[in-house]
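>
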Amino acid sequence: MAFIPLAYNVRNLAARRTSTSLTALGIAAVAWVFIFTLALAGGFEAALRTTGSAKNAIVIRNGASSELMSIVSREAADAVAAQPEVARAADGAPLEASELVVIWNLERKSGNTTNVIVRGVTPRSLALRENARLLAGRMFRPGVEEIVVGKMLSERFKHCGLNERIQLAGRVWTVVGILDADGSAYDSEIWGDVELFMPIFDRPVFQNVTLRLDDPSHFEALKKRIEADPRFSLQVRREDEFYAAQSGMMATLLRTLGLFVTLIMALGAVFGALNTMYASVSSRTKEIGTLLALGFSRGAVMLSILIESTILCVFGGLIGCLLALPVRSFTTGTMSFASFSELAFRFQVTPGMLLGGVLFAACMGLVGGFFPARRAARMPITEAVRQA
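This is the structure in structure tokens:
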């Protein structure tokens with residue numbers, strides 16, 4: 001079967017600049033929304049996925065699915081810290097941190113209020129988070145009403161800037177440091193001295209124990225021993241897997257809602273492509289008849305129209321990808337089902353998402369071009385050639 005040259009399709013698209021441009025822009029809008037949806041869900045997942053480390057383990061109450069639902073007594077925390085699989089610092093002390101996690105309602109700069117995570121930490125907590133560092137200021141002093149605030153929380157909430165004062169649990173705290181946790185969930189948290197937080201927030205127990213493994217391969221031995229201890233009811237999880245699992249439900253919801261909107265828009269874009277290609281076929285009836293008379297098969301004609309529709313939509317998809325690139329600089333926040341608090345994150349635009357946007361546009365081109373292509377291929381040769 002002889003194929004119709006690709007240049008023929010490109011020339012036809014260029015000859016109808018107005019309809020081609022409008023259809024391409026419609027496809028671009030759909031591709032942009034498609035990529036935006038993936039970037040939104042991907043950013044939420046990345047914030048939690050990068051929160052944990054494969055070198056760390058987290059110990060929480062057996063049956064708890066999040067830190068907020070967990071209770072770890074001091075006795076249990078001391079027993080965990082004494083395990084032989086826990087790495088040691090230069091001074092011989094175990095690299096572990098028994099922490100408190102509570103939620104507190106704060107006012108955004110936009111005026112409305114929402115819950116945020118307030119974490120009681122120890123001097124070892126920052127060393128356990130390899131992706132976290134102080135961006136400005138210093139670490140709080142133990143026993144003093146000082147706190148450090150995550151970078152994104154500082155940007156989004158009132159009175160959370162460096163050297164500002166904020167009220168928590170009836171006391172006024174000074175922000176002495178800004179924490180940069182490389183886009184992880186810690187960027188949306190407030191950190192303070194755990195021993196000071198426990199009586200102030202009326203929490204006599206910890207929520208978790210985070211520890212550094214002396215060797216990641218020793219995780220199973222640690223897990224088996226702690227979970228088998230009849231004195232405590234604890235479970236041990238790899239820290240990175242624990243936080244990554246908490247993103248699943250919300251990320252799925254964001255994708256589902258976003259794709260629902262995308263499909264509605266895609267339906268309109270497909271009808272736009274359908275109308276454009278029907279108009280193109282109607283205006284080229286004589287040309288198509290001539291192609292059939294010259295010996296090109298009906299399959300070749302149908303394939304040519306499909307290719308033309310696909311080229312049009314892929315062009316629109318590429319425009320949508322270019323428009324989606326600035327999305328990487330967007331930040332937003334949404335409620336995390338695991339902590340019932342706001343998690344701020346940056347949109348993630350990956351090459352895979354851009355490729356997905358182009359492929360989605362190509363699919364719209366194939367769907368939108370199928371019926372016009374079939375109509376062109378079924379034209380009677382004699383009637384088509386006779387038309388002026």
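Each residue of the sequence shown is one higher than the one before, counting from 1 in my numbering. Where a beta carbon is used, it is the ideal one built from N, C-alpha and C, also for glycine. Because the structure is a prediction, the values reported are computed rather than measured.
#1: Going straight from the alpha carbon of Phe271 to that of Arg11, what length do you get?
#2: Can you give me the Cβ contacts of Leu274 inside the same chain, cut-off strictly under 6 angstroms, excluding the 5 residues immediately before and after it?
#3: Buried or exposed for Pro204, please, with buried defined as at least 16 other CB atoms from any protein chain shown within 10 angstroms of its CB.
#4: Within its chain, find whatever has a CB closer than 6 angstroms to the CB of Ala388; leave out the 5 residues flanking it on each side and keep chain order.
#5: My output table needs one value for Phe315: the three-state DSSP class, helix, strand or coil.
#6: Contact check, Ala185 vs Asn131 under 8 angstroms by CB: the rounded distance?
#7: Given a threshold of 16 other Cβ atoms within 10 Å of its Cβ, counted over all protein chains shown, does Tyr243 qualify as buried or as exposed?
#8: Tell me where the beta strand (DSSP E) around Thr350 begins and ends.
#9: Helix, strand or coil for Ala388 per DSSP?
#10: Please state the DSSP three-state secondary structure of Glu342.
#11: Starting from Ile136 and walking both ways along the beta strand (DSSP E), at which residues does that stretch end?
#12: From which residue to which residue does the beta strand (DSSP E) around Ala78 run?
#13: Grab me the residues of Ala377's own chain with a C-beta within less than 6 angstroms of its C-beta, minus the 5 sequence neighbours each way, in chain order.
#14: Let me know the secondary structure DSSP gives Leu294 once reduced to three states.
#15: Return helix, strand or coil for Ile226, following the three-state DSSP convention.
#16: Assess contact between the segment 44-54 and the segment 323-343, defined as three or more Cβ pairs (one per stretch) separated by less than 8 angstroms. Is contact present?
#17: Shorter than 8 angstroms from the beta carbon of Arg108 to some beta carbon of chain B?
#18: Return the CA-CA distance between Asn9 and Ser309, expressed in angstroms with no decimal places.
#19: Excluding sequence positions up to five away, which residues of its chain have a Cβ less than 8 angstroms from the Cβ of Ala136?
#20: At which residues does the alpha helix (DSSP H) containing Arg156 begin and terminate?
#21: In terms of residue numbering, what span does the beta strand (DSSP E) encompassing Ala57 cover?
#22: Per DSSP, Ala361 is paired with what?
#23: Is the segment 350-365 in contact with the segment 305-322, if contact means three or more CB pairs nearer than 8 angstroms?
#24: Give the secondary structure of Asp187 by DSSP, where H, G and I count as helix, E and B as strand, and everything else as coil.
#25: Tell me the rounded alpha-carbon separation between Met263 and Lys109.
#26: Pick out the complete beta strand (DSSP E) segments inside the segment 242-272, 3 residues or longer, and give them in chain order.
#27: For Val86, list the residues DSSP reports as bridge partners.
#28: Going by DSSP, what residue range makes up the alpha helix (DSSP H) through Asn105?
#29: Counting C-beta neighbours from all protein chains within 10 Å, is the total for Pro380 16 or more, i.e. buried, or is it exposed?
#30: Enumerate in chain order the residues of its own chain whose CB-to-CB distance from Leu134 is below 6 angstroms, with the five nearest sequence positions on each side excluded.
#31: For Ser280, name the three-state secondary structure that DSSP assigns.
From the atom records:
#1: 22 angstroms
#2: Gly368
#3: exposed
#4: Reliability of the predicted coordinates at Ala388 is poor, the pLDDT of 45 falling under 50, and no value is obtained from them.
#5: helix
#6: With a Cβ gap of about 11 angstroms, Ala185 and Asn131 do not count as contacting.
#7: buried
#8: Run containing Thr350: none; DSSP gives neither H nor E here.
#9: Confidence is the limiting factor: at Ala388 the pLDDT is only 45, short of 50, which leaves the residue's position unreliable and the question unanswerable from this model.
#10: strand
#11: Correcting the residue type first, residue 136 is Ala in the shown sequence and not Ile. Where Ala136 is concerned, the enclosing beta strand (DSSP E) stretches over 133-137.
#12: At residue 78 the sequence reads Asp, which differs from the Ala that was named. Run containing Asp78: none in the beta strand (DSSP E); it sits in the alpha helix (DSSP H), 74-81.
#13: Arg298, Val301, Met302
#14: coil
#15: helix
#16: yes
#17: Protein chains in the displayed structure number just one, and chain B is not present.
#18: 9 angstroms
#19: Leu162, Gly177, Ile178
#20: 151-156
#21: 56-61
#22: For Ala361, which the question treats as bridged, DSSP gives no partner whatsoever.
#23: yes
#24: helix
#25: One point to set straight first is that residue 263 is Leu, not Met, in the sequence displayed. The straight-line gap from Cα to Cα measures roughly 34 angstroms.
#26: none
#27: Leu213
#28: Asn105 -> not in any alpha helix (DSSP H); beta strand (DSSP E) instead, spanning 96-107.
#29: exposed
#30: Gly177
#31: helix
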